[in-house]
Each structure stands twice: as C-alpha cells, then as structure tokens.
Amino acid sequence: MDAIRTEALTKDYRVGFWRPRRYLALDSLTLHVRQGEVFGFLGPNGAGKTTTLKLLMQLIYPSSGRAEILGRPVGDVSVKRRLGYLAENPYFYDYLTAEELLQYFAGLFGYSAVERRRRVSQLLDEVGIGAERRLQLRRFSKGMLQRVGIAQAVINDPDVVFFDEPMSGLDPLGRREIRELILRLRDRGCTVFFSSHVLSDAETLCSRVAILAGGRLAAAGDLSEMLAFQARAWELVVTGLSDTVLEKVTTSGQVVRATPLGAQRYALELPLSAAPDRLVTNLVAHGAQLVSLNPIRETLEDFFVRQTGAAPRDRGLEPVAR
Amino acid sequence: MSVIGHVAVNVFKESVRDKVLYNLVGFATLLIVVSYLLGQLTAGQDVKIIKDLGLAAIATFGLLIAVFIGIGLVWKEVERRSIYSLLSKPMRRDEFILGKYVGLALTLFVNVAIMTAAFYVVLAYMDTQFPDAVRASWPAPATDPGMLRAIALIFFELLLVTAIALFFSTFSSPFLSAALTVGLWVIGHFNRDLRNFEAVVKSRTAAYLARGLYYVLPNFSAFDIKTQVVHALPVPASYVVSTAAYALVYMALLLAAAVAIFSRRDFK
C-alpha cells in the first residue's frame, strides 16, 4: 500500500468577478509515495506545491480526481490521527506559550494529561526550544516558530508527515537539526513528504522526488536514477600544459572550455561525445600530466531548471504532456 | 476531554489572555460610580435605578463581547492561517465550529456570572443604606432573586447573538458580520411590530411579507423582561423556559447552517 496516492488530482479556481475565468492551480496530478520514504516535492514558486498539500490536508477540495493517504480518503479522521502537517510560514496562537500550544494540539489526539506533558517536554527539547517553553509565542522569532511548527507536526508520532518548506526561516544550525530530525523520522519508518524549492535539502534527504511546474507534474522518480545517467560532459584536470598545446586543443574543438586552476594547471571540459583517452594520450605526449578525469553529472539544480524551464507555463485545460 | 472541549477551552483562554474580561472592571466601575452619584442626587429611587442600569449594563457589555468576539471567531483563524494546523489534526469541521461556539458561550457565561455577582453585591450594600420603612415601600427587595430570570434571558439572548455572529463569520468579513449581526439584533427588538403590520398598511402582500419576516427573524424583544422584574411584575417560569427553548432551537438552526457553509469552504 502506498502512503500517499493521488489520481488525476485537479484544482481550479474561478478568478475575476464580472468575467470569471478558470485558473488551473493543479492539473491532473498522479503521484504515488511509498511508505517509509522521504519524498521531495519540488517546484518553483507558484508551481502548485502548497495547493497539493492543502488538497491532501483537505483544507481545499479538489475540482476533480482523488487522493488517498494510507489507503483512506483524505480528510478521514482516523487517518488524520496518523498524520502530521507543517504549513508554509505557519501562524500559531501567539497568546499561548510553546508548551500550552503543544499541549492543546496533543489533547486533540486524545492523549492523557500525563502523556501530553511527557511528549511536549520531550519534543520541545528535541527541536531545541526547551528553554523557551514558557514563553508566549508572540515573543518568538521566525526560526523559533518554525521549530514549534515542526514539533506540532510530529506531536502524535505520525506515520506520514507533510512539511511545507520546513527549512524556511531557519539558520544553518537549525536546518541541520531539522535535516537530522527528518532522517530520524525516516529511520523509524515514518513517510516524510516535503515540499521545497531548496534543492540542496532535497538532494541530501530524499530518495525520490517529484518536480511540479506550472501546476503540472514535470518529472517524478528515484533521485539517484534521475541524476545517475545524466552525465553531460567530461572534466579533465591536467598540469604542465603549455599555452600552445592548450590553444591547439581548444581551437580544434576537442575542448569546450578551459578553466585555469594555477600555473599551467587547467580543468578542461570535453564534450560527452569526445573520446577522452585519445586526448589524454595526446596531451601526455606533449608534456602534460593527468591529474583526474571525471564525468560531469547533472546536479538536481540542472535537472530542475531543465524540467521547470521546459514545462508549459500556460494554465489552460489541455491534456498534460508527459 | 472531547475535541469540542479542547477548542472551547482554547477560545476561553484566548479571551482571558486578550483581556476581554477587563470589561468587568468597566462594569464594576460604572456600577460603583453611578451608585455613588445617585446617593447624592435622588431620594428613594436609587435602588430601582441601579436595577435598571445594572441589567442594561449586563446586557450591553455581554452584547459587545458576543458581537465583537463572535465575528472574529472563525475569520481570525482563517485570516491568520492558524486553521491550517488545527484542521490537520483529528477534528471534523463541525467540531471546530461547535468548539468555537461553546468557548465563547463559556466566556459569556463567566462574564455574566461575575457581573451578576457584582450587581447583587452593590444592591446588597444599597439595601443596608435605607431604613426599614423605605425598604418596605419598594415593590421588591433590593436583592430580589426574581431578577435572575431577566439575567437568564439576557444570557440566552447573548447565546443567540453569538450564533448569529458566528454564522456570518463563516463566510464574510468582520465588518460585514458586525453590521449584519447588529442589524439583526436591532430589527429583532422591533420584531413584534412586524406581527401586527396589517394594522398600519393596506397592502395584503406587505402584511404577509411582514408576518413572514416576523417568523423568520429572531425575536429579541421576547428576551427583554427587565422592566417587569424591576417593577416586580410577575414573569411566569414557563415564559422563561419557552423563550430559552426558542433561543436554543434558533441557535441550533444557525449553527447547522454555519457548519454546512464552513464544511464546504476552501481555505486558499
């Protein structure tokens, strides 16, 4: 059973009063997220990530299509007991202290008073705000509120947790702590679905990702598979390379770009179609020494830019191109 | 505690932390200052005026709380997006609405209870200030428990106003909700006139329309028995019970409509 499953999930809004038009926020999203994985939901601003999360939390209703979490329709209260959710830029009741807010939320899950106190105390320490537990939230910084948000999302020890931009507002130390928390959640079998446009976080944490652009699914799959075979060039690092030889290989088109790294030391970029062994032999014959030869692989950022750049911007209702 | 209970307690906590109960200080100050002034100005009528003023103040302070907190109950959660975290918890939308309602009802109950206690303390003090002969001339004792009937109906009126404010707040802005709630409250106090509209208009259509509105709009004038209790006129218990029952039925219908609207809303 998938942890999360959407089938042709679509959301459109009517915009404009006098001449209403349909704005397609999410177009036929079909997505399967396996149990126990950290799934990255990526896309530029306005791609439809938050819309998807709101549909999964039933904060908005789909125009068509359906979604299930843990085999049950979204919105089912029995499933909500097993979920956690951190909204983007969350707001919490600022008249409560961090401890009171978490106690309130824990109460909604039916925990006893003793259990609530135990869990809240443990969680506040875990997210690094144990010392501020009795401070009203109106005195909290953005980063501290984000930590409270993360704590409330995992207050029920969830089986599936949804994070919408979890690193937002956090300093480098905070980001690292939250990354570790996400990995701990994964290690104990929790499915983590996290939406972000910070690709380095996704690259570090996710086993699989989906990329959304213009309300449509641009790509989805195993992150390592997506990037493994996407070598786009070779990088050859040599030393003792004379200017004459460098000019010759550059003008002949064997080398696309030469980046100086020091005296007579260069990083040479070769086209993927080139035969690097022949060039290496040639350069060594002219007195150069080989330092390294590596394929230049596509980063998630390259892949993301390629996918989102190519994705249609039009929010019309034509069929999704896959 | 149920989900509704947790939400209600949080609403009450918000009211306390947001200093809503400070209105009690205003109420107490008003009563004490007016009592003192009356002592200087009038002779014999002091207690009756205090009763009039006290009951009117309980109703007015309660109304202000019911309207101005009621209209923000749902709107604030949606506008500040705190509802995102809340509705992702194991809670149905109807539980959210009912929790909010019960929370404000609890706040009103505590307010009205404290104001009533303060009111009776002032009256008890005034009672000690007059000789037996003067007290014997009053239509009812200063601390007449019969006034509790009027206060009970004020409380039910406030519950109904809260339900109206909450209903409007599920789909409109606070300003519009406040205008509509206060508008209905004003119309509701003149509701009896609509019943006998055929006496002042010739058009049968207008008369039927007015009669229809009489039955549809809340009849707030029914809750106002302040004059009767101050003058010690009899108010049967059955009248209080049937008026309270009317409020409960009307509230239930409003809350059902509020839940129906709120359950279909998208939180963009």
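Protein chains in written order, with my numbering: chain A, 53 to 374; chain B, 103 to 370.
Quick reminder that beta carbons are idealized off the backbone N, C-alpha and C, glycines included.
- DSSP places A:T311 in the strand class (E or B) of the three-state scheme.
- For B:K328, the three-state secondary structure derived from DSSP is helix.
- Its Cα nearest to that of A:S344, the residue A:L331 stands out among A:L331, A:G136, A:S304, A:R133.
- A:L175 and B:S104 have their alpha carbons spaced roughly 23 angstroms apart.
- Where A:L61 is concerned, there is no enclosing alpha helix (DSSP H), although the beta strand (DSSP E) around it starts and stops at 56-67.
- Of B:L255, B:T345, B:F364, B:T329, the smallest CA-CA separation from B:I152 is found for B:T329.
- Chain A places no beta carbon closer than 9 angstroms to that of B:F114, leaving this residue out of the contacts.
- Judged by their CB atoms, B:L189 and B:W287 are not nearer to each other than the 9 angstroms cut-off.
- For A:E287, the enclosing beta strand (DSSP E) covers residues 283-291.
- Under the Cβ criterion of 9 angstroms, B:I256 is not counted among the residues facing chain A.
- Taking 8 angstroms as the upper bound for CB-CB distance, A:L335 and A:V297 are in contact here, some 7 angstroms apart.
- About 13 angstroms separates the beta carbon of B:S187 from that of A:A150, a gap too long to meet the 8 angstroms contact definition.
- Counted as a single uninterrupted DSSP element, the stretch harbouring B:S184 is not any beta strand (DSSP E) but the alpha helix (DSSP H) occupying residues 184-189.
- Contact residues of the stretch 182-201 of chain B toward chain A are R182, R183, S184, Y186, S187, L189, S190, K191, P192, M193, R194 (C-beta to C-beta distance below 7 angstroms).
- Within the stretch 160-219 of chain B, complete alpha helix (DSSP H) segments of at least 4 residues are found at 177-181, 184-189, given in chain order.
- In this structure A:G136 is not in contact with A:V250, their Cβ atoms being roughly 20 angstroms apart against a cut-off of 8 angstroms.
- In this structure A:E167 is exposed. Its beta-carbon is surrounded by fewer than 16 other beta-carbon atoms within 10 angstroms.
- No Cβ-Cβ contact shorter than 9 angstroms links A:L108 with A:R268.
- The C-alpha of B:S279 lies about 11 angstroms from the C-alpha of B:T264.
- Nearest to B:F211 by alpha-carbon distance, out of B:D120, B:I167, B:V284, is B:I167.
- At a Cβ-Cβ threshold of 9 angstroms, A:K132 and A:T103 do not count as neighbours.
- For A:F157, the enclosing alpha helix (DSSP H) covers residues 150-160.
- Taken residue by residue, none of the stretch 210-231 of chain B has a beta-carbon sitting less than 8 angstroms from a beta-carbon on chain A.
- A:P142 has a beta carbon lying within less than 9 angstroms of a beta carbon in chain B.
- Between the C-alpha atoms of A:S116 and A:Q155 there is a straight-line separation of about 37 angstroms.
- Contact between B:G174 and B:V109 is absent: CB atoms are separated by about 15 angstroms, not below the 8 angstroms threshold.
- A straight-line Cα-Cα distance of about 5 angstroms links A:R66 and A:R73.
- Straight-line measurement puts the Cα of B:N293 at about 18 angstroms from the Cα of B:R306.
- Non-local C-beta neighbours of B:Y310 in its own chain, meaning closer than 8 angstroms and more than five positions away in sequence, are absent.
- In the DSSP assignment, B:G290 falls within the unbroken alpha helix (DSSP H) covering 276-291.
- Using a C-beta cut-off of 8 angstroms, the stretch 152-163 of chain B makes contact with the stretch 252-261 of chain B, since at least three inter-stretch Cβ pairs fall below that distance.
- When CB distances to chain B are screened at a threshold of 8 angstroms, the residues of the stretch 104-116 of chain A falling below it are K106, M109, Q110, L111, I112, Y113, in chain order.
- Taking a Cβ-Cβ cut-off of 8 angstroms, the neighbours of B:H108 in chain A comprise Y156, G159, L160, given in sequence order.
- In this structure, B:L356 places its C-beta atom within 9 angstroms of the C-beta atom of B:F269.
- In summary, B:V343 is exposed, with fewer than 16 beta-carbon neighbours lying within 10 Å of its beta-carbon over all protein chains present.
- Along the stretch 164-181 of chain B, there is no position whose C-beta sits under 7 angstroms from a C-beta of chain A.
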